[in-house]
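Data block below; observations after.
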Amino acid sequence: MKSHRSLSLALLTGLLLSACGPSNGNGPTPPPASDTSMIGTGSSTVAGYLANAQAGKLVAGSAVTVENASGSVIASGATNAEGKFTLKLDPGVYNLSFKKDGYAASRIEGLRVVSGTNPPLNAIERLAFATTLPIAVPKLDVKYLQGADAVDFSNDPAKAAQFNASAGVPVQITASTAGNSATSPNLIYAGLGGVPGSGAFGTRVLVNNDPKNTELKTTATLTGANLRGVRGPTELYIVVYDSNDNRIERRIPIVVNDDKPNDATLTSVGDPKAMAVTLAQRSGFYSPIQPTGAPDDISTLFVDLSWNYISGLGGTPLGVRVWTSDDGNTFRLLKSVEGSAKTARDGSASLEVGKKVYYQFEVYSSTQSVRSDVVSTTPLDSFTLTNLKPANNSHGASRTPTLSWDVSKKVGDYRKFYVMVNDYPQQSSDCFWGNLLCTGDTKDNMFSDDGSAPALKNTDNSYSIAFNANGKALLPALESNHAYTLDISAAAFSKDGNAISIAHDYFSAFYAAPTGCNFGGPVCQGEVSNFTTGDK
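Residue numbers (mature numbering (1 follows the signal peptide of the UniProt record, and there is no 0)): -25 to -1, 1 to 511.
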């Protein structure tokens, strides 16, 4: 930040009068406060986004400190109310630290800023596991292996370590908490050409540590699919978390030589798709979707990307570059994936509800490349279900009840609901009305508010439907004095089919997650109602 210098009284008075215009009798209006999210005064721009996890909610009001390569603080500020910040720095290499009460410490080392506008910086600062534990980033040492020797990396791109792609990138990583037994290094991620993510958010090397150890030393070789088809100058990313979710990220320039070129003949890329997915569930390391700018504290937002290779492609290409754009004209590289891949995921913190984002897929070999058509999607807001009736723990419910629920808000162009009544508490015939749990059938009890299901009633944010409205229940009425569970899966959709927001989905009615909760669905948190019928 610029240092504050005192102004003469005359000059200050002149500035205030010129800014405020004529007096309204109440004195001059004070000038607006400075924007502390604009950090630095350099010639290059970096748009920053600070999230609490990959694909998580942005973190507002976190203090940001910028150091130069020698470790001297040169600028500071804070993320704004939306969790965003803007770096104005001269070309060079910088370290960034983030600090906020209740959150773990977070630090990025080796951020390279080039002339002009740079790609967005998607940073992460997680909530602390416990505020009584140390809030300090782990210590990190990274070397590369030459035979039995561990050699220091150079931070100068002109002197970057070089590796043959056929042999991979062997690294030695040592993380510690400086002997502080209250915390321990917990997770290590190593990735190439981009920040390695947790869970389903990209290939990476993952190491778990015994929590009794204050130091973790490991070796790993990034090879094959973990190289993601990247060749030439790139960056090695190392991310370490400790047991209090303190985080350090280091970026190291390296070169991957294309020592065994892939000369696959390329034709074209077909069927490109981008699907924005909003989940009403907080993300985490071990949750079904482990991840930006998620719409609220309990949600996750990402984009699933897919493509196919048109027949005529000769062999497996070297890799696929995924390009992204905010306007459909100027594209920047998002990530690269291995040549056999036909899917990718964007969990960038720069994704926003209602903000259209564009993608293009470039399949490449060592000698040529082809690009797909441009596709786009606009992420939807999150929503939740409330006020299920018959109410949870209620007794004496009708044997032919009207089932009802509210949505927190209407998002998307239309909404679908899968309604189930199970006698799950009895551990007998589970699927009394709706077979999704028993057979995986998503058609029998799916109702939409697009006008195609007149049995579904809707007033404002409230919905209802009569039990057995489609005549497919095991019996036309529930049994007397019997316990049942009302479970409603709910999702909203865009008219073009390129965006979905899921409020509740225990059983994968709307979205097939790589892993799920007990029943397999992507949204494992949500409201269900356990009720008991009466005699009528």
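Every residue, glycine too, gets a C-beta built ideally from N, C-alpha and C.
Every value quoted in this text rests on a predicted model; they were computed, and no experiment measured them.
Answer yes or no: do residue 253 and residue 354 have a C-beta to C-beta separation smaller than 8 Å? As a first step, residue 253 must be located in the sequence shown, where it is residue number 278. As a first step, residue 354 must be located in the sequence shown, where it is residue number 379. In this structure, residue 253 lies near residue 354, with their beta-carbon atoms less than 8 Å apart.
Cβ contact (3+ pairs, closer than 8 Å) linking the region 127 to 145 and the region 227 to 237: Because the criterion of three Cβ pairs below 8 Å is met, the region 127 to 145 and the region 227 to 237 touch.
Under 8 Å by Cβ, that's how I've got residue 477 and residue 360 pegged, so tell me the actual separation to the nearest angstrom. Counting from one through the sequence shown, the residue named residue 477 turns up at place 502. Counting from one through the sequence shown, the residue named residue 360 turns up at place 385. Incorrect: roughly 11 Å between the Cβ atoms, too far for contact.
Nearest neighbour of residue 329, chosen from 100, 387 and 245 [CA to CA]: What you label residue 329 is simply residue 354 of the sequence shown in a count that begins at 1. Checked all of 100, 387 and 245; the closest Cα to residue 329 is 387.
With distances taken Cα to Cα, identify the nearest neighbour of residue 525 among 157, 222 and 123. Because the chain is modelled from -25 through 511, residue 525 falls outside the range shown and cannot be assessed.
Please name the residue in 470, 340, 196 and 304 whose C-alpha comes closest to that of residue 120. Numbered from 1 along the sequence shown, position 145 holds the residue referred to as residue 120. The candidate whose alpha carbon is nearest that of residue 120 is 196.
DSSP puts residue 282 in a beta bridge; with which residues? Locating residue 282 in the sequence shown gives position 307, where the first residue counts as 1. For residue 282, DSSP records no beta bridge to any residue.
In angstroms with no decimal places, state the Cα-to-Cα distance between residue 102 and residue 26. For the purposes of this step, residue 102 is identified with residue 127 of the sequence shown, where counting begins at 1. For the purposes of this step, residue 26 is identified with residue 51 of the sequence shown, where counting begins at 1. Rounded to whole angstroms, the separation of the alpha carbons of residue 26 and residue 102 is 10 Å.
Start-to-end residues for the alpha helix (DSSP H) that takes in residue 411: Within the sequence shown, numbered from 1, the residue matching residue 411 stands at position 436. DSSP places residue 411 inside the alpha helix (DSSP H), whose first and last residues are 411 to 414.
Distance, residue 247 Cα to residue 96 Cα: As a position in the sequence shown, residue 96 is number 121, starting the count at 1. As a position in the sequence shown, residue 247 is number 272, starting the count at 1. Roughly 26 Å between the two C-alpha positions.
How far does the beta strand (DSSP E) with residue 227 in it extend, from its first residue to its last? Counted from its first residue, the sequence shown places residue 227 at position 252. First-last of the beta strand (DSSP E) with residue 227: 222 to 232.
Alpha-carbon to alpha-carbon, residue 58 and residue 7: Numbered from 1 along the sequence shown, position 32 holds the residue referred to as residue 7. Numbered from 1 along the sequence shown, position 83 holds the residue referred to as residue 58. Because the pLDDT of residue 7 is 48, which lies under 50, any placement of that residue in the model is unreliable, and the number read from its coordinates should be weighed accordingly. Between the alpha carbons of residue 7 and residue 58 lies a distance of about 20 Å.
Among 69, 38 and 29, nearest to residue 21 - alpha-carbon criterion: Along the sequence shown, one-based indexing puts residue 21 at 46. Considering only alpha carbons, the answer is 69.
I'd like the list of long-range same chain contacts for residue 507, defined as Cβ closer than 6 Å, with 5 residues on each side in sequence excluded. The residue labelled residue 507 in the question sits at position 532 within the sequence shown. Exclusion of the five residues before and after residue 507 leaves 370 and 458 as the residues of its chain whose Cβ lies within less than 6 Å of its Cβ.
Would you kindly check if the distance between the Cβ of residue 389 and the Cβ of residue 356 is under 8 Å? Translated into the one-based positions of the sequence shown, residue 356 becomes position 381. Translated into the one-based positions of the sequence shown, residue 389 becomes position 414. Not a contact, by the Cβ cut-off of 8 Å.
Just to confirm before moving on: does the CB-CB distance between residue 61 and residue 14 stay below 8 Å? Residue mapping note: residue 61 aligns to position 86 of the sequence shown, counting from 1. Residue mapping note: residue 14 aligns to position 39 of the sequence shown, counting from 1. Yes; because the gap between Cβ atoms is below 8 Å, this pair is in contact.
Which word fits residue 418, buried or exposed, when buried means at least 16 other C-beta atoms lie within 10 angstroms of its C-beta? For the purposes of this step, residue 418 is taken as the residue at position 443 of the sequence shown. It is exposed - the Cβ of residue 418 has fewer than 16 other Cβ atoms within 10 Å.
Hey, how far is the Cα of residue 365 from the Cα of residue 249? Stepping through the sequence shown from its first residue, residue 365 is reached at position 390. Stepping through the sequence shown from its first residue, residue 249 is reached at position 274. Their Cα atoms are separated by approximately 39 Å.
Around the Cβ of residue 504, are there at least 16 other Cβ atoms within 10 angstroms (buried) or fewer (exposed)? Counting from 1 along the sequence shown, the entry for residue 504 is found at position 529. The residue in question, residue 504, is buried, as its Cβ has 16 or more Cβ neighbours within 10 Å.
Assess, as a yes-or-no matter, whether the region 208 to 222 is touched by the region 150 to 163 under the definition of 3 or more beta carbon pairs within less than 8 Å. Three or more pairs of CB atoms, one per stretch, sit closer than 8 Å, so the region 150 to 163 contacts the region 208 to 222.
Classification of residue 85 by the beta-carbon crowding that lies within 10 angstroms, buried from 16 upward: Taking the first residue of the sequence shown as position 1, residue 85 is located at position 110. With 16 or more other Cβ atoms within 10 Å, it is buried.
Answer with yes or no whether the minimum CB distance from residue 121 to chain C is below 8 Å. This model lacks chain C altogether, as it is built from one protein chain only.
From the DSSP secondary-structure annotation, give me the bridge partner or partners of residue 121. Numbered from 1 along the sequence shown, position 146 holds the residue referred to as residue 121. Looking at the DSSP assignment, residue 121 forms a beta bridge with 124.
Do residue 12 and residue 54 count as a contact pair if the criterion is CB distance below 8 Å? By one-based count along the sequence shown, residue 54 stands at place 79. By one-based count along the sequence shown, residue 12 stands at place 37. Yes.
Does DSSP put residue 160 in a helix, a strand or coil? Residue 160 sits at position 185 when you count from the first residue of the sequence shown. DSSP places residue 160 within a strand segment (E or B) once states are collapsed to three.
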